């Protein structure tokens, strides 16, 4: 390629990057369901980076046990688009703790703060190639959001879904997931899949319990008798993992409480390592 041609290609690339950046929504803070409204902003929160923790926002499922749960009680009066509902579970503590771990454990330049991503902002979602969401028994995407999420994933996006338990929550989760990919099965990720070995070899995986299992008087109700952790996924036509699914586990709590002595270190270590693998896998596949 001639020098002039190379410069032309470079200029086109800059133009595309600039166009994508123009569509990205600025960083913003929402009400947290768990009351984390006074988490201080890191001093470098405005620093540019190559990776950002994208937190997928979603509307609640009206029939779920926790679906209408919100910061200000139950009912449909509180708009999910303002925060305070199920998509903000663990937010922003888990997000920022995990971003700190990515910085420490990899060479990935990670932003210190998360990015809440509304799927209704159809141009914005494509600017955040790694998304995470929790309480998946609570989500219920609209048809438009379903189509946007499908397109996002097929274009190369990665989605990590976490913290839902038992057959009822799986059923509500799959109401939306089966619309996103009606013909792509959810399968158990094989142990030799690169996602388990991208940075750390995670051959032995424990069930990641939430902090609720270790607090005094805490309920074990979501760890039903016989419930086992499953690490599942959905692949594209090139065998790239698009959707990583943590069923009967709470990876978000393993990040959120990583600095809490009463939360088992072996669980937080596993959760952080698996999350780091997900990030590096998503950036290399």
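Residue numbers (the working numbering): 1135 to 1419. Here a beta-carbon is modelled for each residue, glycine too, at the ideal position from N, C-alpha and C. The structure presented is a predicted model; accordingly, all values stated were derived computationally and were not measured.
Where does residue i fall in DSSP's three states?
i, result
"residue 1363", "coil"
"residue 1407", "helix"
"residue 1171", "coil"
"residue 1163", "coil"
"residue 1281", "helix"
"residue 1402", "helix"
"residue 1417", "helix"
"residue 1092", "With the chain covering 1135 to 1419 only, the question about residue 1092 has no answer from this structure."
"residue 1255", "coil"
"residue 1295", "strand"
"residue 1318", "coil"
"residue 1422", "Coverage of the chain is limited to positions 1135 through 1419, which leaves residue 1422 absent and any answer about it impossible."
"residue 1273", "strand"
"residue 1261", "helix"
Counting only the same chain and skipping the five closest in sequence on each side, list residues whose C-beta sits under 6 angstroms from that of residue i.
i, result
"residue 1402", "1388, 1392"
"residue 1237", "1244"
"residue 1297", "1268, 1269, 1384, 1386"
"residue 1318", "1368"
What are the boundary residues of the alpha helix (DSSP H) that residue i is part of?
i, result
"residue 1306", "1300 to 1314"
"residue 1232", "1227 to 1239"
"residue 1385", "1385 to 1390"
Just to confirm my understanding: we take residue i, look at its own chain, exclude 5 residues before and 5 after, and list those with CB closer than 8 angstroms. What are they?
i, result
"residue 1329", "1323, 1367, 1375, 1378, 1411, 1412, 1415"
"residue 1240", "1333, 1410, 1413, 1414"
"residue 1337", "1325, 1330"
"residue 1340", "1363, 1400, 1401, 1404"
"residue 1170", "1225, 1226, 1227"
Which residues mark the beginning and the end of the beta strand (DSSP E) in which residue i is found?
i, result
"residue 1264", "1264 to 1268"
"residue 1249", "1249 to 1251"
"residue 1380", "1375 to 1381"
"residue 1190", "1188 to 1190"
Grab me the residues of residue i's own chain with a C-beta within less than 7 angstroms of its C-beta, minus the 5 sequence neighbours each way, in chain order.
i, result
"residue 1250", "1162, 1164, 1189, 1191"
"residue 1079", "Given that the chain is displayed from residue 1135 to residue 1419, the structure contains no residue 1079 and the question cannot be resolved."
"residue 1310", "1273, 1274, 1275, 1280"
"residue 1183", "1243, 1244, 1245"
If contacts are defined as beta-carbon pairs under 8 angstroms, then residue i and residue j qualify, I think. What distance do you get, rounded to the angstrom?
i, j, result
"residue 1159", "residue 1229", "The pair is not a contact, with the Cβ atoms about 16 angstroms apart (cut-off 8 angstroms)."
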